[in-house]
Amino acid sequence: GAVGGPVDEGSVGAGAGTVAFGFKGGIGTSSRLLPASLGGYTVGVLVQSNFGGVLQVLGAPVGKELGRYAFQNARDHDGGDGSVMIVVATDAPLSDRNLRRLAARAIMGLSRTGSSASNGSGDYVIAFTTASSVRRRSGPAGGGATSAVRAIEDLGNDSMSALFQGVVEATEEAIYNSLFMATTVTSRGRTIEALPMDRLREILTKYNVTNR
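The sequence shown: position 20 = 20 (the numbering used here), numbered continuously.
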């Protein structure tokens with residue numbers, strides 16, 4: 001069953017064999033809590049990072065500084081970078097339409113890390129809500145045993161923007177966490193190196209990211 005506490009991230013579970021930006025990828029999580037004035041809802045994101053591009057961290061060109069990035073040798077073709085999987089969960093009462101809209105915004109967080117969704121990439125996002133007010137109930141509806149009308153209470157479109165911002169930020173951070181928590185893995189004669197954290201700190205300092 002589900003338990004509380006820290007979530008395992010990095011080279012664990014389905015993330016054991018993944019590669020992102022040429023470094024060891026893995027499982028990453030993050031979340032955002034909206035202020036009470038905006039509903040107090042939570043949006044959480046879990047990613048399995050397995051894709052390519054040119055890694056940037058909060059705008060700093062990390063991949064280029066490390067000399068490891070897509071098409072650095074000006075090749076015309078690329079062998080493919082795998083597919084990232086993103087799961088978005090929220091307790092906001094969202095309709096299926098607004099869940100699709102929320103899922104679409106997660107891709108914006110992906111792009112902020114430097115992904116370009118290369119040819120053949122099968123990146124996808126699924127989103128769900130735990131809110132009971134939007135569940136489709138079976139059996140007779142209120143208003144009489146023969147009534148076909150069932151009412152649900154869901155968040156209006158005008159209240160979605162804060163959730164959109166939250167899922168973009170959480171997706172970006174979850175991808176960073178998947179890289180930062182990953183460890184170097186050797187399997188079947190191949191070694192995938194983890195992102196060098198000491199060099200990462202130097203690069204972030206160089207571009208004044210650590211001072212923000």
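All residues carry an ideal CB built from backbone N, CA and C; glycine is no exception. Quick caveat, the model's predicted, so the values are computed rather than measured.
Which of helix, strand or coil does DSSP assign to I107? helix
Where G22 and A2 are concerned, what is the direct C-alpha to C-alpha distance, given to the nearest angstrom? 33 Å
Alpha carbon to alpha carbon, what distance is there between V134 and L176? In the sequence on display, residue 176 carries Tyr and not Leu. Between Y176 and V134, the C-alpha separation is close to 32 Å.
Does DSSP classify A36 as helix, strand or coil? helix
Same chain, Cβ closer than 6 Å to R105, neighbours up to 5 away in sequence not counted: F164, V167, V168
Status (buried if at least 16 other CB within 10 Å, exposed otherwise) for R112: buried
Between T129 and L94, is the Cβ-Cβ spacing less than 8 Å? yes
Have a look at V7 and G120 and give me their C-alpha separation to the nearest angstrom. 31 Å
DSSP three-state assignment for M197, whether helix, strand or coil: helix
Can you tell me which of the three DSSP states I203 falls into? helix
Identify which residue in Y69, R32, L66, M85 has its Cα closest to the Cα of A14. M85
At a Cβ threshold of 8 Å, is S187 touching chain D? The question asks about chain D, but that chain is absent: this structure has only one protein chain.
Note down, in chain order, each residue of its chain lying with its Cβ closer than 6 Å to the Cβ of V209, except the 5 sequence neighbours on either side. L58, A60
Curious, which full-length beta strand (DSSP E) runs of at least 3 residues does the region 50-104 contain? 85-90
Among V12, S115, V19, V62, which residue has its Cα nearest to the Cα of T191? V19
In terms of residue numbering, what span does the beta strand (DSSP E) encompassing V168 cover? V168 -> not in any beta strand (DSSP E); alpha helix (DSSP H) instead, spanning 161-180.
Cβ of T42 within 8 Å of Cβ of S30? no
For L33, count the other beta carbons within 10 Å of its own beta carbon; 16 or more makes it buried, fewer makes it exposed. Which is it? exposed
By the DSSP assignment, the beta strand (DSSP E) with L46 in it spans what residues? 42-48
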